[in-house]
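Numbering (numbering that gives the first Met the number 0), first residue to last: 0 to 309. Down below is the structure, laid out as structure tokens.
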Amino acid sequence: MSQGIVTVVGSYVTDLMSRTPHMPRVGETVLGGPFKMGPGGKGGNQAVAAARQGSTVYMVTKVGDDEFGSYARANFTKETINTEYVFVDLVEATGAALIAVDDNGDNLIVVALGACGTLTAEEVNQASQVIANSAVVLVQLETSNEAVLATVALAKAYGVPVILNPAPYHEFPREILQDITYITPNETEASSLTGLKVETEADALQAAKVIYLMGVPNVIITMGKMGCYYYNGGESGKLYPSFEVQALDTTGAGDAFNGGLAFALASGQALCDAIIHATAVAALSVTKVGTSPAMPTLEEVQAFMATHKL
Ligand code: RIB
Numbered sequence: 000m001s002q003g004i005v006t007v008v009g010s011y012v013t014d015l016m017s018r019t020p021h022m023p024r025v026g027e028t029v030l031g032g033p034f035k036m037g038p039g040g041k042g043g044n045q046a047v048a049a050a051r052q053g054s055t056v057y058m059v060t061k062v063g064d065d066e067f068g069s070y071a072r073a074n075f076t077k078e079t080i081n082t083e084y085v086f087v088d089l090v091e092a093t094g095a096a097l098i099a100v101d102d103n104g105d106n107l108i109v110v111a112l113g114a115c116g117t118l119t120a121e122e123v124n125q126a127s128q129v130i131a132n133s134a135v136v137l138v139q140l141e142t143s144n145e146a147v148l149a150t151v152a153l154a155k156a157y158g159v160p161v162i163l164n165p166a167p168y169h170e171f172p173r174e175i176l177q178d179i180t181y182i183t184p185n186e187t188e189a190s191s192l193t194g195l196k197v198e199t200e201a202d203a204l205q206a207a208k209v210i211y212l213m214g215v216p217n218v219i220i221t222m223g224k225m226g227c228y229y230y231n232g233g234e235s236g237k238l239y240p241s242f243e244v245q246a247l248d249t250t251g252a253g254d255a256f257n258g259g260l261a262f263a264l265a266s267g268q269a270l271c272d273a274i275i276h277a278t279a280v281a282a283l284s285v286t287k288v289g290t291s292p293a294m295p296t297l298e299e300v301q302a303f304m305a306t307h308k309l
């Protein structure tokens with residue numbers, strides 16, 4: 000099966016992660032540890048997830064003119080991700096995320112976008128040829144709105160399907176919802192988009208219907224341990240259950256799902272198979288600590304899917 004190009008437009012930040020026995024309350028200092036530093040950012044993690052599945056991946060982002068920026072470039076290269084459109088900002092530093100992971104594997108993140116928050120439409124436009132040649136374009140909200148708008152406009156002009164992962168949720172130009180093919184909010188993001196509570200399968204259906212009416216033909220709401228809910232019009236959608244695994248660290252699970260989905264769609268898989276593939280990539284990612292470093296390879300996913308049935 001041919002594996003088309005996946006272009007990821009979005010964030011790269013350095014992840015600074017510590018375990019914590021419990022999430023600190025306001026004003027509280029908690030003795031945590033161990034500490035881990037590694038490559039992250041939703042865009043970077045999604046690019047690594049797709050590349051480890053076997054996609055040819057181009058990353059469009061921006062880093063600072065600093066050691067963390069050089070580290071980012073070296074890591075992308077190690078992961079066989081094309082860095083032609085990894086721009087350098089001479090003013091802003093490479094972004095960073097402060098991540099606390101508790102004993103249940105749950106996380107709390109503060110992300111300072113730094114350079115990747117200054118990605119411009121003009122820089123995205125420099126990647127127009129690559130976007131035109133892509134099988135799938137994957138974009139998040141962890142960069143400037145102008146970069147997101149430019150990405151969707153280019154993909155639309157070239158007829159390339161876009162997956163929008165609306166994370167982290169903040170206000171964005173809603174008109175792009177008319178021009179994307181897939182949207183992958185988690186429960187919180189689906190709730191922010193619609194103003195509805197999203198906790199149960201029935202809630203997911205109601206929220207998915209609202210998002211569908213905003214113009215997105217394929218709505219996939221990721222729901223952690225419950226799995227993900229897919230809706231593409233009509234009376235109801237379908238809940239795809241998750242695989243049962245022992246979660247060590249759930250940070251980046253959504254990124255694993257999106258990268259896995261982009262790979263599978265770019266490889267020509269039918270959407271139902273692509274969702275199951277993405278679910279397996281996400282399941283394996285939570286069994287390891289970290290974000291980009293925790294993304295599984297295609298061989299690991301195939302072995303897992305051969306022994307774990309949904
Ligand atoms: O989705 C997880 C990612 O969100 C982390 O890697 C962190 O960088 C934040 O952007």
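For every residue, glycine included, the Cβ atom is placed at its ideal position computed from N, Cα and C. Every value quoted in this text rests on a predicted model; they were computed, and no experiment measured them.
- Looking at the DSSP output, C227 shares a beta bridge with T221, Y239.
- Listed in chain order, the alpha helix (DSSP H) elements of length 4 or more contained wholly in the segment 15-92 are 41-52, 66-77.
- Cα atoms of N81 and S284: separation of roughly 22 Å, rounded to the nearest angstrom.
- Take the alpha-carbon of T6 and the one of P165: they are about 16 Å apart.
- Across the set S54, V8, T306, D101, the C-alpha of S54 shows the shortest separation from the C-alpha of T296.
- Under a 10 Å Cβ-count criterion, K77 is classified as exposed, with fewer than 16 other Cβ atoms of the shown protein chains found around its own Cβ.
- Along the segment 236-304, the alpha helix (DSSP H) occurs as fully enclosed runs of 4 or more residues at 252-265, 270-284, listed in sequence order.
- Counting only runs that start and end inside the segment 134-167, the alpha helix (DSSP H) elements of at least 4 residues fall at 144-157.
- With a contact defined as Cβ atoms closer than 8 Å, T60 and Y11 qualify at about 5 Å.
- Cα atoms of A111 and D248: separation of roughly 21 Å, rounded to the nearest angstrom.
- Proximity of the beta carbon of S17 to the ligand RIB is not indicated: no heavy atom of the ligand is located closer than 7 Å.
- Taking Y211 as the centre and dropping the five residues before and after it, the same chain places the C-beta of V218, Y230, N231, G232 closer than 8 Å to its C-beta, in chain order.
- For a cut-off of 8 Å, the C-beta gap from Y57 to A126 is around 7 Å, short enough to register as a contact.
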